[in-house]
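Top to bottom, those sequences are chains A and B.
Start counting the first sequence at 43; every next residue gets the next number (the numbering used here).
Start counting the second sequence at 154; every next residue gets the next number (the numbering used here).
We treat Cβ as the ideally placed atom computed from N, Cα and C, and that holds for glycine.
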Amino acid sequence: MTAGWEMVVGLEVHTELRTATKLFCSCANEFGAAPNTHVCPVCLGLPGSLPVLNERAVEMAMSIGFALHCTVAPSTFHRKNYFYPDMPKNFQISQYDLPINSSGYLDLPDGSRVGIERAHLEEDTGKSTHLGTSGRLHGAQRSLVDYNRAGVPLVEIVSAPDIRSAAQARLYVAELRRVLIATGASDGRMEEGSLRVDANVSVRRPGEPFGTRCEIKNLNSLRSLQRAIDYEADRQIELIEDGGAVRQETRHWDETTGVTSTMRVKEEAEDYRYFREPDLVDLAPDEAWRDRVAAALPPMPGVRRTALLQHLEDPTDAQRESVEVVLDLDLDRYVHGAAEAGLDAATALARTANEVAAAEEGAERLTVEAFVGTLRLEASGQLSATQAKTVLADLLAEGGAPEDVVARRGFTQLASDALGGVVDEVIAANGDEWARYRDGDDKLAQFFIGQVMARTRGQANGKAVVEILRSRRG
Amino acid sequence: MNAIDLAARVRRGEVTASTALAESLSAIDARNDELNVFLHVDRDGAEARARAVDDAVAAGRDPGPLAGVPVALKDNLCTRGVPTTASSRILEGWRPPYTATVVERLVAAGAVPVGKTNLDEFAMGSSTETSAFGPTRNPLDPERVPGGSSGGSAASVAAGMASLALGSDTGGSIRQPAALCGIVGVKPTYGLVSRYGLIAFASSLDQIGPFARSVADAALCLEVIAGHDPRDTTSLPEPAPSLVSHLDDGVAGRRVGLVSELVEGADADVVAQVERAAAALEAAGARVVRLSIPELRLGLSAYYLIAPAEASSNLARYDGVRYGRRVAADELGAMNEATRTLGFGDEVKRRIMLGTYALSAGYYDAYYGQALKVRTRMIEAFRQAYEQVDLLLGATAPSVAFRFGEKTANPLAMYLSDVFTIPTNLAGEAAVSVPFGTGAAGLPIGVQLLGPGRSEARLLAAARVLEVAS
């Protein structure tokens with residue numbers, strides 16, 4: 043960011059809801075089916091057809107509202123009128139002045155808070171494929187439309203213009219994605235288009251009023267989001283510094299060239315002629331229904347993150363990353379279980395974010411009890427770190443209790459006097475290294491541990507080896 | 154033969170549905186070329202239905218309360234596999250892949266749909282003259298219009314081509330042609346009858362209802378088609394009301410309001426019949442009071458903002474992309490434009506433009522927003538009136554059937570045909586037009602009875618009193 047400038051960013055995130063059926067009909071809401079196979083008179087907008095609101099979509103929208111601390115209120119549907127061939131009725135049923143969710147916020151992992159202006163329900167459009175060199179509707183030789191997506195339920199989440207950097211924008215979308223997945227309302231797949239982001243970007247001198255904004259479209263990944271916002275802010279600053287002015291417009295991000303370009307200016311903006319959708323009645327979920335949805339909501343990532351970090355004193359960046367892995371894979375219970383049993387939370391976090399996270403579906407077989415038991419054996423010195431990892435791997439693959447794995451694997455650690463004998467053998471065989479270690483080169487401890495492990499086929503406890511080495515050094 | 158008697162005889166095996174259908178088809182063959190009532194006669198489908206009814210009777214099963222009754226359907230009701238045009242070139246050749254709820258209910262009750270009747274294009278008109286397929290002629294005087302927009306349905310019943318017909322009423326499109334053709338027409342309470350499968354004109358005003366030659370037939374037909382439909386969220390949650398059993402309730406003790414705004418500007422022969430109807434109700438034990446509801450005068454202007462606004466959106470889907478007519482052009486926008494230019498008639502285009510304008514940024518508040526406020530006032534004015542009286546009485550149309558071309562040059566004169574019927578649609582309430590006497594040139598006159606939401610039983614009982622007195 044150029045010195046003396048501040049960017050102001052607000053994001054509009056569209057998420058498809060994971061309902062079994064579409065928003066206003068009983069066609070399957072399923073990605074990837076053969077074109078125009080999930081269609082009916084309603085989602086094709088045939089003459090005489092009428093929409094019937096999907097109750098489950100309303101529940102999911104309310105879940106999102108509660109998760110984002112919104113006011114969840116009675117709402118209405120409007121028609122947004124414009125012509126486009128992938129929109130069967132040539133209007134979109136959306137929410138306008140009375141959205142189902144308004145006035146919430148999202149706390150980000152960096153401690154910042156971004157306001158949520160609204161999160162409303164609407165229907166998705168179909169998907170156009172333009173054949174010909176342009177790849178866009180204009181100049182296409184032929185356009186094909188797949189209406190499978192037409193009528194799929196969407197929630198559009200509009201943030202306040204509270205974001206001040208591209209990195210924060212990325213953090214916001216990443217955290218929002220986690221929240222949406224946690225509610226069960228979205229699968230959060232940006233690559234399949236089930237999560238889509240538009241960015242409103244403007245720049246100003248700190249303390250001045252907001253500048254003129256541009257809306258950036260076609261942001262298909264977190265990476266493009268961050269790059270596009272940085273590019274756009276720099277473009278606007280350069281324009282103003284050169285004596286120009288920013289024009290309010292919609293701009294298209296080109297991932298290949300890394301630049302934004304004009305799609306349409308505000309004067310060309312459509313007049314959507316919003317009016318109340320007369321085919322739908324008001325949406326007024328009663329308090330009991332709202333309470334049921336709110337109560338069914340699982341803990342959100344922010345709350346879970348705080349709970350996990352509480353176990354650590356002054357967490358490192360690597361540990362923070364491990365916490366995100368644990369959150370994403372829903373493995374919190376292992377860390378909490380170990381910490382509550384009085385075991386070292388850092389070790390528990392590391393084992394969870396590495397060994398447990400790496401095992402596909404292993405968490406289904408590994409009980410918290412077995413995980414804690416394994417870590418307890420490691421902490422008491424009965425298992426070496428290597429052995430503990432092997433035990434976890436077996437438990438993740440086959441389930442069971444750690445004691446049984448230990449017995450089956452023959453992981454009975456050498457008694458300390460036997461271990462002392464092995465250490466003495468290694469010292470005798472490596473005189474030069476021993477001399478350097480004795481003179482204070484502690485790095486060589488790893489060498490001796492390795493040698494001892496080799497002789498005991500991994501059945502020694504590394505910490506015990508170091509203690510014996512120290513005692514021999516005198 | 155009226156529908157109730159015919160169905161009773163078919164159920165008892167005294168007459169077959171096939172015979173009844175043959176009579177209906179021969180009436181159609183005799184006069185359809187002259188009157189242009191049906192756009193499509195579904196002979197094969199109807200004959201198969203009639204045979205199914207007869208087979209059921211022969212097998213000792215009851216085909217239902219409308220067993221073997223030939224019915225005509227306004228051609229804005231979707232019928233699976235049977236052409237449905239809304240009298241527009243833009244839907245020429247389209248065969249819906251599904252059937253409207255009301256048609257399913259008629260068939261389930263044993264009725265035999267014979268075909269699809271002519272209407273003003275997309276139900277926009279009051280004379281059937283805006284149909285892309287030529288006007289329908291009034292069977293009582295072929296030089297005159299049958300009214301509209303459901304002119305074909307009204308004419309089919311008046312000409313004996315069907316015992317019953319369905320129409321749709323957005324601003325009077327059932328009641329006005331019923332009056333001009335001398336039959337009974339009912340505009341039910343908004344939401345009483347499912348709109349699923351009705352090609353929308355103005356969704357917040359459209360309502361399907363029956364045409365019949367007697368009040369009893371209309372009541373029976375409405376009983377069959379009414380009731381909640383899960384496919385129409387705006388349909389009322391309650392089950393269909395019982396109407397036939399209340400037909401002889403009479404009007405003794407009822408308070409009836411003769412509304413000055415509902416006869417204002419009507420021809421003298423029409424006013425005279427409304428006065429005579431008031432006297433007939435009084436003679437039957439009702440207490441008639443004269444009252445004024447000035448808000449009703451605002452109905453026409455509010456209607457001509459709200460209905461076109463909704464229509465401009467409802468008709469946006471006819472773009473040549475997915476179904477119906479497509480006029481080829483080099484690129485998409487030009488194809489949309491050419492399709493709509495050639496596919497829609499002048500009246501439809503006029504209303505799309507009016508509605509688009511009324512909803513546009515900068516005009517919304519002054520036009521559409523203002524019209525919604527008028528609508529709210531209208532609802533309140535009716536509510537207050539119904540604190541004083543049980544029913545309202547007025548004219549259905551300002552005149553008897555008019556001649557072709559009389560009002561086509563002046564849209565406003567045509568719009569005034571619906572001045573007495575529009576307020577009921579804006580309020581979402583119920584009204585009946587019942588033939589009562591004749592006027593100029595011996596042509597029939599309809600009087601209108603209006604009631605609050607779900608007052609159909611009360612309205613039909615009063616209409617029955619007038620039918621007997623007529």
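Closer than 7 Å to chain B by CB, residue i
i: A:Phe66; result: no
i: A:Val323; result: yes
i: A:Asn123; result: yes
i: A:Arg315; result: yes
i: A:Gly517; result: No statement about residue 517 of chain A is possible, as the shown extent of chain A runs from 43 to 516 and does not include it.
i: A:Pro320; result: yes
i: A:Leu186; result: no
i: A:Val94; result: yes
i: A:Gly90; result: yes
i: A:Gly174; result: no
i: A:Gly226; result: no
i: A:Gly300; result: no
DSSP three-state assignment for residue i, whether helix, strand or coil
i: B:Gly418; result: coil
i: B:Val406; result: As written in the sequence, residue 406 of chain B is Gly, which differs from the Val given in the question. It is coil, neither helix nor strand.
i: A:Asn71; result: coil
i: A:Leu281; result: helix
i: A:Gln137; result: coil
i: A:Trp476; result: helix
i: B:Thr172; result: helix
i: A:Ser185; result: strand
i: B:Ala548; result: strand
i: A:Ala401; result: coil
i: A:Ala241; result: strand
i: B:Arg297; result: strand
i: A:Asp313; result: coil
i: A:Thr171; result: strand
Min CB distance residue i to chain A below 7 Å
i: B:Thr386; result: yes
i: B:Gly325; result: no
i: B:Arg258; result: no
i: B:Gly350; result: yes
i: B:Ala469; result: yes
i: B:Val587; result: no
i: B:Ala491; result: no
i: B:Ala514; result: yes
i: B:Ser356; result: yes
Residues of its chain near residue i, where Cβ-Cβ distance is below 8 Å and the 5 sequence neighbours each way are ignored
i: B:Asn155; result: Ser316, Ala365, Arg366, Ser367, Ala369 and Asp370
i: A:Ile346; result: Looking at the sequence provided, one finds Arg at residue 346 of chain A rather than Ile. Only Leu369 and Asp374 meet the Cβ criterion.
i: B:Pro341; result: Gln360, Ile361, Gly362, Leu375, Ala379, Ala583 and Glu609
i: B:Leu293; result: Ala311, Cys334, Gly335, Ala554, Leu596 and Pro597
i: A:Asn96; result: Thr61, Thr63, Lys64, Leu65, Phe66 and Pro195
Cut-off 6 Å between Cβ atoms - residues of its own chain near residue i, not counting five sequence neighbours on either side
i: B:Val480; result: Ala491, Thr492 and Leu495
i: A:Ala401; result: Leu438
i: A:Arg184; result: Leu173
i: A:Asp272; result: Ala208
i: B:Gly263; result: Val206, Pro216, Gly217, Leu219 and Ala220
Anticipated Cβ contact below 8 Å, residue i with residue j, distance rounded
i: B:Gly305; j: B:Ile327; result: With a Cβ gap of about 12 Å, B:Gly305 and B:Ile327 do not count as contacting.
i: B:Phe535; j: B:Pro461; result: Not quite, the Cβ-Cβ distance comes to about 23 Å (not below 8 Å), so this is no contact.
i: B:Val267; j: B:Asp195; result: 7 Å
i: A:Ala270; j: A:Ile258; result: 5 Å
i: B:Gly452; j: B:Pro249; result: Actually they do not touch by this definition, with Cβ atoms about 33 Å apart.
Nonlocal neighbours in the same chain, by C-beta distance under 7 Å from residue i, ignoring five residues either side
i: A:Arg212; result: Leu264, Leu267 and Gln268
i: A:Val114; result: Met104, Gly107, Phe108, Ile142, Asn143 and Arg332
i: B:Gly473; result: Arg479, Val480, Met488, Asn489 and Thr492
Short CB-CB distance (under 7 Å) between residue i and chain E
i: A:Pro83; result: Chain labels in this structure do not include chain E; the protein chains are A and B.
For the stretch 117 to 150 of chain A, which residues have a CB atom closer than 8 Å to at least one CB atom of chain B, in sequence order?
Under the 8 Å Cβ criterion, the stretch 117 to 150 of chain A contributes Arg121, Asn123, Phe125, Pro127, Pro130, Lys131, Asn132 and Phe133.
Within 9 Å of chain A by C-beta, residues of the stretch 276 to 308 of chain B in sequence order:
Answer set for the stretch 276 to 308 of chain B: empty.
Residues, ordered as in the chain, of the stretch 444 to 473 of chain B that lie near chain A by beta-carbon distance below 7 Å:
Listed by position, the residues of the stretch 444 to 473 of chain B near chain A (Cβ gap below 7 Å) are Ala462, Glu463, Ser466, Ala469, Arg470 and Asp472.
Within 9 Å of chain A by C-beta, residues of the stretch 225 to 259 of chain B in sequence order
Close to chain A, meaning a Cβ-Cβ distance shorter than 9 Å, are the following residues of the stretch 225 to 259 of chain B: Asn229, Leu230, Cys231, Thr237, Ala239, Leu244, Trp247, Pro249, Pro250, Tyr251 and Ala253.
Residues from the stretch 279 to 294 of chain A in contact with chain B, defined by Cβ distance under 9 Å:
Cβ contacts with chain B: none found.
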